[in-house]
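Student: Per the working numbering, residue -10 is the first one in the sequence shown, and the count goes up by one each step. Here it is, the structure, as C-alpha cells.
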Amino acid sequence: MQHTCQALGGMVVAPHHLAAQAGRDVLRDGGNAVEAMVAAAATIAVVYPQMNSIGGDAFWLVHGPGQAPWAIDASGPSAALAERRFYAGHASIPSRGPQAALSVAGTLAGWRLALQRAARASAPALPLERLLRDAIGHARHGIVVSDSQAELTRAKLAELRSVHGFADVFLRDGQAPRAGDILRQGALADTLAHLARCGLDDFYRGSLGALIGAELERIGSPLRRADLLGYQAELVEPLRLRLADCTLYNLPPSTQGLASLMILGIFEQLGVREGEGFAHLHGLIEATKRAFSVRARVVTDRGRVPLDPQGLLQPDRLAELAAAIDPGRALPWPQPAAPGDTIWMGAIDRDGCAVSFIQSTYWEFGSGVVLRDTGITWQNRGISFSLDAADLNALEPGRKPFHTLNPALALFDDGRSMPYGTMGGEGQPQTQAAVFTRYARFGMPLQQAVDAPRWLLGRTWGDASTNLKLESRFDPALVRRLREAGHDVELLTQAYSDTMGHAGALVRHADGRIEGAADPRSDGAAAGV
C-alpha cells in the first residue's frame, strides 16, 4: 500500500516525477506555488511530450489564504482564417497535420498572467531563467522515454509518422522509440532558453512569434502571426458549488468544469452514506449521465453559452436531476464522447497558496505537427469544432473550442484546501468525483483515494468505445450487481489502467500540514519540502 506523502514547507504533485521535483525545488528556493507550477509546467512539457506541450492550452485555479479563488483561461481561439470553407471537401476537420493546428496555443500566456497575478509585494519574484532551468536542461541533455510515450507512439505511428516535423523529433529511423531510450529536443531547448531571456510574451509578439507564425503558414495551417499577436489569456470567474461542509470550484465554459461540479452536486442529493458499494458507484455513474446530458446542451465558447452555468448549480436544479435517478437501474447509454490527452498538476506553498493546473494538446501529440524552427508540438484542440453550422460548437473564426480540461479545488469549512484533478477526456469529471467522494465523504486516506480502483463511462485517450469500463480490482459481486442493474460493463484486464487517466490531489490542513497523492498509474510523484 502506498502512503500519503506529508510535508510542511510546500508540495507539488505531477504525473511525472521530474516535473514534481522541478516545482518542489522552486519552493525550496523561496518561490511561491504559482512559480513552482510554471517550473513544473515547463518541465512536464519536455518530459511528457505525448500528453502536453508549450504549443497547447492551459487552465489555472488558484486560492491564496484570505482571498477568493481566481481562475485563468489560457485556451486559444480558432484562427481568423479557420472558416468552414477552409475545410471544403472535408466531412470533419482533419485530426492530424497542419489543418488540425487551427487554434492559438494559450499556455504560455497563461503562465505569464499567473506570474503577474501572483507577484508578491514582500519578496522579489524568481527570475524566469530559474523557473525554466530544469525544462531547458532536460530538453537539451535528454529525457528517458517512458512506457506511456513509447506505447502511444507505436499505437499512433501510422497517423503521425508523415506529419510535418514529427519523425525528426519523436521517431528513430522512422520507428517508435523504445521505453528507456534517450530523447533529446535541442530545438525546444533553444526555444525555452530564448523565452527565459526575452520573456514569455515573445511567443506571441516577439521574434519567436514571427518564426512560429511563418512556419505555420508555410506548412498549410490556417494560423498566422496575426492570430498570435492578438491573443491574451483571461482572468475568469470560477464556477462554484456549495455542499454541506465545503465549496467546490471549477472553470466555466468552454471547459466541462460545469459537468464536474454537477456530478458532485447531484450525488450529494442522493444521500449515499457508504463508499465503494453499489450505491456509491451507481450514484456517481448515473449523476455523470445527467451532467453530461446538460453539458452537451450548454458547454461551448463562453460568448455563446445558452444558459447561465452558475444557475444550473443551484440546489433545486440539482435536486430535480437527482430525483430522476433510479437507485436500482441504469439509464440507457451511450452518448457521443470526447477524447483528450492532458496533464493535471497541483502545488501548495508554505503560506497556503494552492494551485490546481491543467495543460494539454488535446490528443496524444496534438496535431502531430512539430515546428522545425522551434521544436514546438502544436495542439489539435480545434478539431472539437463541428463543420455543421447548426452545431453548438460550430467552427467560426475567433471562437474557443469545447475543452475537456477542468482543474478542481475544494475549500472546506474547517480550513482545509484541496486542489485535485486528472487527465483523461471524458474521465476527468468522473475521476474527480471518485477521488473527492472517497476522501471527503467516505474517509479514505488521500493516497488510497487516488490509488483505489476506478471506472470510466465513455471514452478517453486512445479508446473509441463508450461503455462502462472498470479496473479489474473491483469486487466481482459489485461488478455483477452493476451488470444486473443494466450497466454495460467492460472489465479491463489491468489492475491499474492508463485508460483511467493520471490523477493527483493535495490537501493543506489548517495547522499547515500538507498531504499529497500521485497516481500509481503514472510516472508521477508528490514532492514535498
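Glycine included, every Cβ here is placed at the ideal spot set by N, Cα and C.
Keeping to the same chain, check which residues put their C-beta closer than 8 Å to that of residue 422; ignore five residues upstream and five downstream.
Tutor: Cβ neighbours of residue 422 beyond the five flanking positions: 249, 252, 253, 256, 273, 276, 277.
Student: Report back the beta-carbon spacing between residue 35 and residue 65 to the nearest angstrom; my notes put them in contact at under 8 Å.
Tutor: In fact, because the Cβ distance is near 21 Å, the residues do not count as touching under 8 Å.
Student: In whole angstroms, what is the alpha-carbon distance linking residue 420 and residue 494?
Tutor: Each residue's Cα considered, the two are about 11 Å apart.
Student: Would you please state the rounded distance, in angstroms, between the beta carbons of residue 365 and residue 84? I believe it to be under 8 Å.
Tutor: Their Cβ separation, rounded to whole angstroms, is 19 Å, which puts residue 365 and residue 84 out of contact at 8 Å.
Student: From the DSSP output, which residues share a beta bridge with residue 407?
Tutor: As computed with DSSP, residue 407 is found in a beta bridge with 399.
Student: Round the Cβ separation of residue 59 and residue 106 to the nearest angstrom and send it over; I've been treating them as touching at under 8 Å.
Tutor: 7 Å
Student: In three-state terms, what does DSSP make of residue 474?
Tutor: coil
Student: Determine, using beta carbons only, whether residue 172 and residue 121 come nearer to each other than 8 Å.
Tutor: no
Student: Could you give the residue range of the alpha helix (DSSP H) that holds residue 100?
Tutor: 96 to 106
Student: Is it the case that the Cβ atoms of residue 502 and residue -5 are separated by a distance below 8 Å?
Tutor: yes
Student: Are the CB atoms of residue 61 and residue 49 nearer to each other than 8 Å?
Tutor: yes
Student: Nearest by alpha-carbon distance to residue 70: which of 416, 499, 214, 266 is it?
Tutor: 214
Student: For the alpha helix (DSSP H) that contains residue 196, what are its first and last residues?
Tutor: 196 to 208
Student: Per DSSP, which residues does residue 73 bridge with? Please list them.
Tutor: Looking at the DSSP assignment, residue 73 forms no beta bridge with any residue, so it has no partner.
Student: Only counting the same chain, and skipping five residues up and downstream in sequence, which positions put a Cβ closer than 7 Å to that of residue -8?
Tutor: 436
Student: Do you know offhand how far residue 164's Cα is from residue 413's?
Tutor: Answer to the nearest angstrom: the Cα atoms are 26 Å apart.
Student: Where residue 123 and residue 28 are concerned, what is the direct C-alpha to C-alpha distance, given to the nearest angstrom?
Tutor: So the two alpha carbons sit approximately 7 Å from each other.
Student: To the nearest whole angstrom, what separates the beta carbons of residue 191 and residue 168, a pair I think is in contact under 8 Å?
Tutor: Contact doesn't hold; Cβ gap of about 35 Å is too wide.
Student: What are the residues that DSSP puts in a beta bridge with residue 213?
Tutor: Answer by DSSP bridge pairing: none, since residue 213 is not bridged.
Student: Measure from the alpha carbon of residue 374 to the alpha carbon of each residue in 133, 499, 208, 81, then state which is nearest.
Tutor: 81
Student: How many Å lie between residue 267 and residue 18 at the Cα?
Tutor: About 47 Å.
Student: Can you tell me which residues form a DSSP beta bridge with residue 347?
Tutor: 48, 333
Student: Buried or exposed, going by whether 16 or more other CB atoms sit within 10 Å of the CB of residue 328?
Tutor: For residue 328, the predicted model reports a pLDDT of 49, less than 50, meaning its position is unreliable; a value from the coordinates is still stated below. Per the 10 Å Cβ criterion, buried.
Student: My guess is that residue 504 and residue 481 are in contact by the Cβ rule of under 8 Å, so how many angstroms apart are they, rounded?
Tutor: Not really, about 28 Å apart at Cβ, beyond 8 Å.
Student: CA-CA distance, residue 517 and residue 433?
Tutor: 21 Å
Student: Which first and last residues belong to the beta strand (DSSP E) in which residue 459 is found?
Tutor: 457 to 459
Student: Rounded C-beta distance between residue 210 and residue 91? I'm assuming under 8 Å.
Tutor: Confirmed, about 7 Å.
Student: Quick one: what's got a C-beta closer than 6 Å to residue 314's C-beta in the same chain, skipping five residues either side?
Tutor: 275
Student: Nearest CA to the CA of residue 354: which residue from 441, 146, 24?
Tutor: Closest option to residue 354, Cα to Cα, is 146.
Student: Determine the burial state of residue 221: buried for a count of at least 16 other Cβ atoms within 10 Å of its Cβ, exposed for fewer.
Tutor: exposed
Student: Quick test of the definition: if touching needs 3 or more C-beta pairs under 8 Å, does the segment 288 to 296 touch the segment 376 to 392?
Tutor: yes
Student: Which residues share a DSSP beta bridge with residue 338?
Tutor: DSSP, once it has assigned bridges, lists -1 as partnering residue 338.
Student: Please report the Cβ distance between residue 396 and residue 333, rounded to the nearest whole angstrom; I am assuming they are in contact, meaning their Cβ atoms lie under 8 Å.
Tutor: 6 Å
Student: Which word fits residue 338, buried or exposed, when buried means at least 16 other C-beta atoms lie within 10 angstroms of its C-beta?
Tutor: buried
Student: Hey, residue 218 and residue 238 are a contact pair by Cβ (cut 8 Å); roughly how many whole angstroms apart?
Tutor: So it is not a contact: roughly 32 Å between Cβ atoms.
Student: By the three-class DSSP mapping on this structure, what secondary structure does residue 372 have?
Tutor: Of the three classes helix, strand and coil, the one that applies to residue 372 here is helix, per DSSP.
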